[in-house]
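Here is the structure we will look at, set down as structure tokens.
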Amino acid sequence: MRRITLALAVASLCWAAAPTNAETNAALAGDAETRKLTWQKSDTSVTLLNNGHVVWQHVHDRKTGKPTMSIHLLDGTELTRPWPFPADYPRNDHVWHKGLWWSWKAINGINFWEEHQEGTDPTAVATKLSDDGSARIEMTVSYHLPDAPPLATEKRIIEVSAPDRAGSYTITWQAEFAPGGDKPVVFNRNGYGGLAIRFAADFAGEPPKEPNAWTFIKSAEQAADGAKKPAGNRWMAYAGKAPNGQAACIAMFDHPDNPRYPTQWAVRTQYPYLNPPFTASKEDYTLQPGRKLKLRYGILIHAGPADAEALEKAWKSFAAKQ
26 MRRITLALAV
36 ASLCWAAAPT
46 NAETNAALAG
56 DAETRKLTWQ
66 KSDTSVTLLN
76 NGHVVWQHVH
86 DRKTGKPTMS
96 IHLLDGTELT
106 RPWPFPADYP
116 RNDHVWHKGL
126 WWSWKAINGI
136 NFWEEHQEGT
146 DPTAVATKLS
156 DDGSARIEMT
166 VSYHLPDAPP
176 LATEKRIIEV
186 SAPDRAGSYT
196 ITWQAEFAPG
206 GDKPVVFNRN
216 GYGGLAIRFA
226 ADFAGEPPKE
236 PNAWTFIKSA
246 EQAADGAKKP
256 AGNRWMAYAG
266 KAPNGQAACI
276 AMFDHPDNPR
286 YPTQWAVRTQ
296 YPYLNPPFTA
306 SKEDYTLQPG
316 RKLKLRYGIL
326 IHAGPADAEA
336 LEKAWKSFAA
346 KQ
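Everything in the sequence shown is counted per the numbering used here, starting at 26 for the first residue and increasing by one.
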């Protein structure tokens with residue numbers, strides 16, 4: 026696989042720059058004369074477009090519950106599973122898998138993961154959109170039973186960088202959780218839950234039988250200092266070729282400041298899915314009143330081939346950002 030180089034950028038919204046290979050994605054991304062980035066915004070969503078094609082979209086509609094993002098290449102090729110997905114979509118399992126989204130598995134023993142569980146509401150959303158295609162989304166999320174006060178609240182900040190010359194961009198996902206009242210809140214132990222991504226159905230396959238099938242790449246295992254759990258990985262990625270023939274990669278990074286770092290990843294190949302579950306430990310996580318749980322993750326949408334060495338460099342750039 027062709028090796029690429031990722032360098033630390035000084036821009037505040039971008040912690041990993043694009044490959045230096047100018048030929049990569051030339052037809053996809055277009056030059057300054059052909060690329061046209063525009064915004065589409067409503068009360069419930071914000072969408073970045075390139076020449077009318079969706080690059081990414083964030084949906085924060087209280088009627089549909091959990092906020093979600095769809096991730097695309099600059100020509101509109103969708104890398105995540107569409108939501109809601111069409112009735113004839115190749116894989117219609119796990120209807121609560123919504124592209125890129127956050128959902129705890131259980132809080133105080135109450136299931137917040139599956140689709141039937143309501144009560145994950147964006148209660149306030151503010152967006153800052155820039156002409157270069159970068160964005161900052163701030164929101165408050167409430168976790169509650171129907172018609173009940175919140176068990177927990179979240180302050181979420183999502184920063185998306187401007188697409189670079191090759192069409193790559195980054196997402197920094199920050200979340201700060203607090204009890205909803207004056208009692209402790211318990212995030213129950215589970216092998217999945219938290220930040221998750223469901224990839225497009227076209228990417229599932231069985232390499233090497235299918236030469237364009239996507240495969241998972243992971244960092245070297247790393248021991249967790251003092252945590253009651255086995256060693257984990259700093260990052261994982263899913264890489265291959267999109268239906269348009271374009272090599273691409275989506276990587277997710279765990280930040281070293283996160284409690285319980287590094288995580289044990291939940292991975293599914295039969296339905297392509299990736300998740301760094303904070304709750305993958307031997308015990309619940311109890312958050313006392315007046316305390317906060319802060320978590321940070323990174324997502325790299327790379328328009329081009331990738332390998333472990335380049336992804337490790339990208340993780341180091343992300344980890345250096347405080």
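Just so you know, even glycine gets a beta-carbon here, dropped at the ideal spot from N, CA and C. All values derive from a computational prediction rather than experimental measurement.
Nearest-angstrom Cα separation, counted from residue j out to residue i
i, j, result
"Gly315", "Phe212", "16 Å"
"Ala335", "His280", "17 Å"
"Ser193", "Val210", "38 Å"
"Thr148", "His83", "15 Å"
"Pro175", "Ile135", "12 Å"
"Arg285", "Gly216", "13 Å"
"Tyr310", "Lys130", "12 Å"
"Lys341", "Asp172", "44 Å"
"Asp113", "Gly77", "25 Å"
"Lys423", "Val150", "Not covered by the structure: residue 423. The range shown for the chain is 26 to 347."
"Gly329", "Asp118", "29 Å"
"Asn269", "Ala291", "28 Å"
"Trp81", "Leu73", "6 Å"
"Thr294", "Ala333", "19 Å"
"Ser159", "Thr152", "11 Å"
Cβ pair residue i, residue j closer than 8 Å
i, j, result
"Phe241", "Tyr263", "yes"
"His85", "Thr69", "yes"
"Thr288", "Gly323", "no"
"Phe202", "Leu312", "yes"
"Ile222", "Leu325", "no"
"Ala267", "Leu62", "no"
"Thr304", "Arg161", "no"
"Trp108", "Lys123", "yes"
"His97", "Val79", "yes"
"Leu99", "Asn75", "yes"
"Cys274", "Ala344", "no"
Simplified DSSP state of residue i, which is helix, strand or coil
i, result
"Asp207", "coil"
"Glu163", "strand"
"Ala262", "strand"
"Glu139", "coil"
"Glu308", "coil"
"Ala344", "helix"
"Ala248", "coil"
"Asp118", "coil"
"Leu73", "strand"
"Ala36", "For Ala36, the pLDDT reaches just 30, beneath the cut-off of 50, and the residue's location in the model is therefore unreliable, although a value from the coordinates is still provided. Coil."
"Ala23", "No statement about residue 23 is possible, as the shown extent of the chain runs from 26 to 347 and does not include it."
"Lys338", "helix"
"Ala333", "helix"
Contact set for residue i: own chain, Cβ-Cβ below 8 Å, skip 5 residues either direction
i, result
"Lys155", "Strictly speaking, residue 155 in this sequence is Ser, with Lys absent from that position. So the qualifying residues of the chain are Ala187."
"Gln247", "Ala256, Gly257, Asn258, Arg259 and Pro287"
"Ser128", "Lys91, Trp121, Phe137, Trp138, Thr145, Gly218, Gly219 and Ala221"
"Thr93", "His83, Val84, Trp108, Lys123, Gly124, Leu125 and Trp126"
Distance cut-off 7 Å: residue i Cβ against heavy atoms of the ligand GTP
i, result
"Ala191", "The ligand content of the structure shown is nil, which means the ligand GTP is not present either."
Neighbourhood of residue i by C-beta, 6 Å cutoff - its chain only, sequence neighbours within 5 removed
i, result
"Arg116", "Ala226 and Tyr296"
"Asp157", "Ala187"
"Trp64", "Leu154"
"Thr178", "Ser167, Ala203 and Gly205"
"Ala47", "Only weak support is given to the placement of Ala47: the predicted model assigns it a pLDDT of 39, under 50, and the value that follows is read from those uncertain coordinates. Hits under 6 Å: none found."
"Arg321", "Gln199 and His280"
"Ser244", "Asn258, Arg259 and Trp260"
"Asn283", "Leu320"
"Thr102", "Ala267 and Asn269"
"Leu170", "Gly144"
Proximal residues to residue i (C-beta, below 7 Å), its chain only, five neighbours per side dropped
i, result
"Gly265", "Phe228, Asn237, Ala238, Trp239 and Thr240"
"Arg106", "His122, Gly124, Arg223, Phe224, Ala225 and Ala226"
| said: Would the segment 159-174 count as touching the segment 292-312 if we require 3 or more Cβ pairs under 8 Å? | reply: They do not touch, by the three-pair rule.
| query | Are the segment 169-183 and the segment 193-200 in contact at 8 Å, needing three or more beta carbon pairs? | reply | yes
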